[in-house]
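Participant: Handing you a structure now.
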Amino acid sequence: MIRGVLVSLCACLSVSCGRPNADDATNESSLTILFDADERIFGPFWSVDAWLIMFLPLVAWVVDIHTLRITFQEPVAATISDFSWLAMLPKHVLEGLDPEQMFSWPFWVQPIGNGPYRYVRHVPGVMTELAANPAYYGETPKIPTVTLRYGGNPLVELLSGNVDLASSITPLQAVQLAADPRFRVYHSLRANPRDVAIVWNHRNPLFRDVEVRMALTMAIDRRELHRVIHFPDDLPIFDVPALKRHHLQGAVPDPLPFDPERAARLLASAGWACRLTTSAVP
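Quick note on this note's numbering: the sequence shown kicks off at -8 and runs consecutively.
Structural data, given as structure tokens:
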């Protein structure tokens, strides 16, 4: 649980318009940070407005021209990496704009940032063109220009040669593409609100015995289920709630194995017996 976070901006960064992110000469932050908060706070150097993390009340203040301290009124179930998406936006572009009109600011269709790519142009509902940002502090992107296309079927667009990359394809489509030598399929572990799990109802008398629940879990070949629905072979299986960072840190305990014989012994010791029944169909 996190009670607060310190956001520190590297003084060497520059926004894609070529201006530095902070101006030491004026002793003022050149950034406006937009948060999802239940309350609006206007500091002497920062305009903290609108949205933030999970809509929790917070207090934010400037430590110096490169540092912002955020304290939540209640502990937050988050990790430091959850705050890495906080957008650092140029004050010289946004100051003077009405926060009440935030969603209609021209900035959103002519954005300025400090990432590896800079905005070039866009056609509403059709495409956005990006180009490598020469002022980017990190490694120069290997792809100089990227065009994001919107609408249409990702698989059809890829197969027709209209695009070089498609996301949000289904597991079955991934299998089809993997068999085509023109394409490579990549997958990554991420949180998904539609994750599906087998969860035993402890309130049901049939599942109150922990050994019965273990036996039922070991009687299911979950890896084979993954293969049937075309999931990647290295997709992790786990028996406890876990976040992405737990998997990356190797902190998730090994799952119960597929072991029908041990499952049968556990069920037998709990008083369950396997009986073969037949029925006649007229």
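Quick reminder that beta carbons are idealized off the backbone N, C-alpha and C, glycines included.
Can you give me the Cβ contacts of Asn124 inside the same chain, cut-off strictly under 7 Å, excluding the 5 residues immediately before and after it?
Facilitator: Only Ser7, Gly106, Pro107, Tyr108, Arg109 meet the Cβ criterion.
Participant: For Val54, collect the residues of the same chain with a Cβ closer than 6 Å to its Cβ; drop the 5 residues on either side in sequence, then sort them by chain order.
Facilitator: Arg60
Participant: Please confirm whether Val137 and Leu121 have their CB atoms less than 8 Å apart.
Facilitator: yes
Participant: Could you check whether Leu139 and Ile160 sit closer than 8 Å to each other, using their CB atoms as the reference points?
Facilitator: no
Participant: Going by DSSP, what residue range makes up the alpha helix (DSSP H) through Val147?
Facilitator: Residues 145 to 150.
Participant: Which whole-angstrom value describes the C-beta separation of Phe222 and Pro246, a residue pair presumed to lie in contact below a C-beta threshold of 8 Å?
Facilitator: In fact, because the Cβ distance is near 15 Å, the residues do not count as touching under 8 Å.
Participant: Given this structure, state the Cα-to-Cα distance separating Ala165 from Ser158, to the nearest angstrom.
Facilitator: 10 Å
Participant: Where Ser179 and Val(-2) are concerned, what is the direct C-alpha to C-alpha distance, given to the nearest angstrom?
Facilitator: 27 Å
Participant: Using a Cβ-based criterion (distance less than 7 Å to any ligand heavy atom), does Leu121 qualify as near the ligand FAD?
Facilitator: Inclusion of the ligand FAD in the displayed structure is not the case, the ligand content being empty and no account of it being possible.
Participant: Using a Cβ-Cβ cut-off of 6 Å (strictly less than) and excluding sequence neighbours within five positions of Ala281, which residues of its own chain qualify?
Facilitator: Summary: the structure shown does not reach residue 281, with the chain confined to residues -8 through 273, and so no result is reported for it.
Participant: Whole angstroms are fine: how far does the CA of Val219 sit from the CA of Ala169?
Facilitator: Ala169 and Val219: Cα-Cα distance of roughly 16 Å.
Participant: If you measure between the beta carbons of Phe249 and Asp212, is that distance less than 8 Å?
Facilitator: For Phe249 and Asp212, yes; Cβs fall inside 8 Å.
Participant: On the premise that Leu257 lies in contact with Ala206, defined as a C-beta separation below 8 Å, what is that separation, rounded to the nearest angstrom?
Facilitator: 4 Å
Participant: Within 10 angstroms of its Cβ, does Leu85 collect 16 or more other Cβ (buried), or is it exposed?
Facilitator: buried
Participant: Go ahead and pull the three-state DSSP assignment for His237.
Facilitator: helix
Participant: Can you tell me where the alpha helix (DSSP H) holding Glu202 begins and where it ends?
Facilitator: 201 to 209
Participant: Quick check on the burial criterion: 16 or more other C-beta atoms within 10 angstroms. Buried or exposed for Phe63?
Facilitator: With a 10 Å radius around the Cβ and a threshold of 16 neighbouring Cβ atoms, Phe63 comes out buried.
Participant: Taking its Cβ as the centre, do 16 or more other Cβ atoms sit within 10 Å of Val203, making it buried, or is it exposed?
Facilitator: buried
Participant: Among residues of its own chain, excluding the 5 on either side of Asn192, which ones have a beta-carbon nearer than 6 Å to its beta-carbon?
Facilitator: Phe198
Participant: Which whole-angstrom value is the C-beta distance of Gly142 and Gly116, which I expect to be below 8 Å?
Facilitator: The beta-carbon separation of Gly142 and Gly116, rounded to 7 Å, stays under the 8 Å limit for a contact.
Participant: Considering only DSSP beta bridges, list what Thr161 is partnered with.
Facilitator: None; Thr161 has no bridge partner.
Participant: In the DSSP output, which residue or residues are listed as bridge partners for Ser(-1)?
Facilitator: Thr58
Participant: Which term fits Val100, buried or exposed, when burial requires 16 or more other beta carbons within 10 angstroms of its beta carbon?
Facilitator: exposed
Participant: Excluding the five sequence neighbours on either side, which residues of its own chain have a C-beta within less than 7 Å of the C-beta of Phe98, listed in chain order?
Facilitator: Closer than 7 Å at Cβ, skipping near neighbours: Val84, Leu85.
Participant: The alpha helix (DSSP H) spanning Glu252 covers which residue range?
Facilitator: 251 to 260
Participant: What does the Cβ neighbour count give for Val114, buried or exposed, with the cut at 16 atoms within 10 Å?
Facilitator: exposed
Participant: Measure from the alpha carbon of Ala259 to the alpha carbon of each residue in Asp200, Gln167, Gly152, then state which is nearest.
Facilitator: Asp200
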